[in-house]
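Below is one structure, written out as structure tokens; the observations come after it.
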Amino acid sequence: MLSKMMTSALRATAALALAAGLSTATASAQTAEGYWQGVQKSGTLRCGAAVAPPYVMRDPASGEYSGFFADLCREFAEVLQVKPEFVDTTWDNIVAGLQAGKWDLSLALNRTPARAMAVQFSIPAMEYQISLAYNKDNPKIPAGATSVADIDNADVTLAVMSGTAQDKAISAAVKTATILRLPTNDETRLAVVSRRADILVDASDTNQLFTQSNPDWAVAMNPTPALAKQGVAFGLPHQLSAADVEVVNIFLEERVATGHVEELIRKAVDQVLKASN
Numbered sequence: 001m002l003s004k005m006m007t008s009a010l011r012a013t014a015a016l017a018l019a020a021g022l023s024t025a026t027a028s029a030q031t032a033e034g035y036w037q038g039v040q041k042s043g044t045l046r047c048g049a050a051v052a053p054p055y056v057m058r059d060p061a062s063g064e065y066s067g068f069f070a071d072l073c074r075e076f077a078e079v080l081q082v083k084p085e086f087v088d089t090t091w092d093n094i095v096a097g098l099q100a101g102k103w104d105l106s107l108a109l110n111r112t113p114a115r116a117m118a119v120q121f122s123i124p125a126m127e128y129q130i131s132l133a134y135n136k137d138n139p140k141i142p143a144g145a146t147s148v149a150d151i152d153n154a155d156v157t158l159a160v161m162s163g164t165a166q167d168k169a170i171s172a173a174v175k176t177a178t179i180l181r182l183p184t185n186d187e188t189r190l191a192v193v194s195r196r197a198d199i200l201v202d203a204s205d206t207n208q209l210f211t212q213s214n215p216d217w218a219v220a221m222n223p224t225p226a227l228a229k230q231g232v233a234f235g236l237p238h239q240l241s242a243a244d245v246e247v248v249n250i251f252l253e254e255r256v257a258t259g260h261v262e263e264l265i266r267k268a269v270d271q272v273l274k275a276s277n
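Numbering follows full-length UniProt numbering, with no gaps: position 129 of the sequence shown is 129.
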């Protein structure tokens with residue numbers, strides 16, 4: 001009798017184990033589907049977009065997005081065979097929104113260790129460096145200035161977009177100068193044009209647009225040592241698998257290697273310059 005009971009118990013245990021194994025296999029099959037397959041099922045690729053020409057631009061009248069990272073969003077959506085959708089955000093919220101699942105990609109995000117603890121990154125689409133743009137006749141800026149230390153004086157005000165990589169970098173570098181944090185790209189430029197601020201802190205290519213638009217008085221300096229020389233990439237959800245990240249990386253690798261990204265950058269720069277003339 002005892003032997004029969006033990007045999008029955010063993011059979012029951014084996015049956016439970018088999019059921020558990022089947023359940024695990026089913027769950028694995030269900031979770032094997034990648035993130036981008038889920039995006040394909042939804043039919044829409046959501047791209048978090050904070051304005052920073054020439055990376056991302058937004059027409060205030062039509063709401064239409066342009067800029068080379070907006071173009072890359074559209075092209076990746078085409079690869080996935082879905083529609084692109086731009087979700088308006090700010091640089092203060094562009095990481096938090098990605099963490100909260102409000103969009104699938106964050107556009108034009110600088111790769112930093114602090115951000116990498118919260119989100120993942122694709123490979124860089126381009127390299128980035130911060131420069132300092134100012135009026136060459138401003139007596140507060142020493143002639144021959146080459147470093148942040150040279151302009152870090154109590155009477156100097158630096159304008160920067162709040163929450164950006166350049167905000168974090170300049171905040172860590174200056175000890176004496178005043179930092180004027182403003183929400184938009186246009187407001188930082190207006191602050192320098194109106195002399196509310198002395199220096200515009202921004203990406204070197206973005207500041208190049210500013211100096212080209214104001215050739216009579218504006219100059220830009222790439223500080224030595226370099227201030228936040230980083231890659232600019234897609235920000236990706238933290239939970240993406242290595243295979244999901246690789247999908248984006250392969251997409252970008254081809255476009256960088258063929259010079260296509262450079263073409264998109266030139267197109268965006270020409271658009272900005274045309275609008276400013």
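Positions of the beta carbon are idealized from the N, C-alpha and C atoms, including for glycine. The structure presented is a predicted model; accordingly, all values stated were derived computationally and were not measured.
To the nearest angstrom, report how far apart residue i and residue j are at their CA atoms.
| i | j | result |
| --- | --- | --- |
| Ala-159 | Pro-53 | 16 Å |
| Gln-239 | Gln-120 | 8 Å |
| Ala-191 | Gln-81 | 43 Å |
| Gln-212 | Ala-218 | 8 Å |
| Cys-73 | Ile-94 | 15 Å |
| Leu-273 | Gly-101 | 35 Å |
| Ala-29 | Gly-235 | Bear in mind that a pLDDT of 37 at Ala-29, under 50, signals an unreliable position, so the number given afterwards is only what the model happens to contain. In a straight line, the C-alpha of Ala-29 is about 27 Å away from that of Gly-235. |
Apply the 10 Å Cβ neighbour rule to residue i and answer buried if 16 or more other Cβ atoms are within range, or exposed otherwise.
| i | result |
| --- | --- |
| Asp-205 | buried |
| Ser-122 | buried |
| Ser-106 | buried |
| Arg-115 | buried |
| Leu-45 | buried |
| Ala-257 | exposed |
| Leu-227 | buried |
| Gly-259 | exposed |
In the DSSP output, which residue or residues are listed as bridge partners for residue i?
| i | result |
| --- | --- |
| Met-57 | Ser-66 |
| Val-219 | Tyr-134 |
| Asn-110 | Val-232 |
| Thr-157 | Thr-178 |
| Glu-127 | Gly-231 |
Could you give the DSSP three-state label for residue i: helix, strand or coil?
| i | result |
| --- | --- |
| Thr-178 | strand |
| Ile-265 | helix |
| residue 278 | Residue 278 cannot be examined here, being either before or after the span of the chain that is shown, 1 to 277. |
| Leu-240 | coil |
| Glu-33 | coil |
| Asp-198 | coil |
| Val-87 | strand |
| Gln-99 | helix |
| Gln-81 | coil |
| Ala-172 | helix |
Can you list, in chain order, the residues of its chain whose CB lies under 7 Å from that of residue i, leaving out five sequence neighbours each side?
| i | result |
| --- | --- |
| Arg-181 | Val-160, Ser-162, Asp-167 |
| Ser-171 | Ile-179 |
Enumerate in chain order the residues of its own chain whose CB-to-CB distance from residue i is below 6 Å, with the five nearest sequence positions on each side excluded.
| i | result |
| --- | --- |
| Arg-255 | Val-261 |
| Pro-142 | Asp-150 |
| Ile-130 | Gln-166, Ala-169, Leu-227, Ala-228 |
| Tyr-35 | Leu-240, Asp-244 |
Spatial neighbours of residue i within its chain, please: CB distance less than 8 Å, with the 5 preceding and 5 following residues excluded, ordered by chain position.
| i | result |
| --- | --- |
| Val-51 | Met-57, Arg-58, Thr-184, Asn-185 |
| Asp-152 | Ala-173, Val-174, Lys-175, Thr-176, Ala-177 |
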